[in-house]
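Some notes on the structure that comes next.
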Ligand code: SF4
Ligand code: SF4
Ligand code: FES
């Protein structure tokens with residue numbers, strides 16, 4: 046039988062099933078916390094850190110990722126404070142520097158308040174969010190791809206770099222990858238490393254939404270509610 050706990054998120058008193066994450070609870074109640082590596086039907090690994098919130102305990106607050114934090118009785122969570130917004134903006138900025146050619150990440154960053162990127166562009170084709178690895182293992186039970194290497198060399202690959210026979214060619218890894226949503230003008234060219242802010246989805250920010258909603262393009266793939 047489901048057991049419920051009472052939590053407070055941004056001043057709203059919410060009853061949520063024990064064992065649910067703070068992020069899922071917030072989304073369920075229309076409080077959109079920006080998130081990238083989270084997909085509602087996959088396990089959470091806390092890879093992107095975009096979903097950080099303040100968890101207030103005895104008057105002191107800790108910054109933590111809301112996708113890996115489960116609701117508990119009496120929990121107090123703040124999702125949109127100055128401190129959270131500043132840290133989140135920096136995380137989003139680092140993600141753009143890592144992979145500036147993803148429209149999903151550009152959109153997310155713009156909505157997190159990033160106007161310019163102070164870090165050198167790496168033009169990587171992966172932000173190590175692990176969406177592809179998890180969908181392959183958890184939905185298709187294939188484990189045809191995984192993380193390889195450490196530090197700067199860490200990337201996603203097939204075993205020994207060759208597609209195995211047990212890859213089911215389902216395409217889910219590609220479908221969930223934020224890198225496959227390219228900017229309208231295509232990949233960035235040298236000397237044009239800026240966020241254009243012209244994407245259609247970026248204009249949606251003019252519509253009434255909770256302050257914390259970033260209208261991320263990724264919302265389409267996990268049905269956050271705004272794209273239903
Ligand atoms: S296409 Fe292959 S590697 Fe990709 S999710 Fe499906 S089984 Fe895994
Ligand atoms: S390949 Fe795409 S989905 Fe997989 S970890 Fe990298 S960015 Fe994420
Ligand atoms: S969505 Fe929580 S760390 Fe990525």
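In my numbering, the protein residues as written are 46 to 273.
Using N, Cα and C, we set each Cβ at its ideal position, and we do this for glycine too.
Check, Outcome
"Reduced DSSP category for residue 159 - H, G, I as helix; E, B as strand; rest coil", "coil"
"Residue 81 versus 217, 100, 147, 214, residue with shortest Cα-Cα distance", "147"
"Pair within 8 Å by beta-carbon distance, residue 174 and residue 223", "yes"
"Run of the alpha helix (DSSP H) containing residue 60, from where it starts to where it stops", "Careful: residue 60 lies outside any alpha helix (DSSP H), inside the beta strand (DSSP E) at 57 to 62."
"Residue 98 vs residue 129 beta-carbon contact at 8 Å", "yes"
"Among 187, 208, 100, 164, the one whose alpha carbon lies nearest that of residue 144", "164"
"Beta-carbon proximity of residue 72 to residue 55, cut-off 8 Å", "no"
"Closest Cα partner of residue 95 within the set 65, 135, 85, 63", "135"
"Bridge-paired residues (DSSP) for residue 284", "Past the edges of the chain, shown from 46 to 273, lies residue 284, and the structure says nothing about it."
"Min CB distance residue 81 to chain B below 8 Å", "The structure shown contains no chain B; it is built from a single protein chain."
"Three-way DSSP call (helix, strand, coil) for residue 50 in this model", "strand"
"Spatial distance of residue 150 from residue 140 (CA atoms)", "7 Å"
"Cβ-Cβ distance between residue 121 and residue 58 below 8 Å", "no"
"Burial state of residue 133, where buried means 16 or more other Cβ atoms lie within 10 Å", "buried"
"Proximity to residue 123 [Cα-Cα], best of 100, 115, 74", "100"
"Top-ranked residue by Cα proximity to residue 117, from 49, 178, 204", "49"
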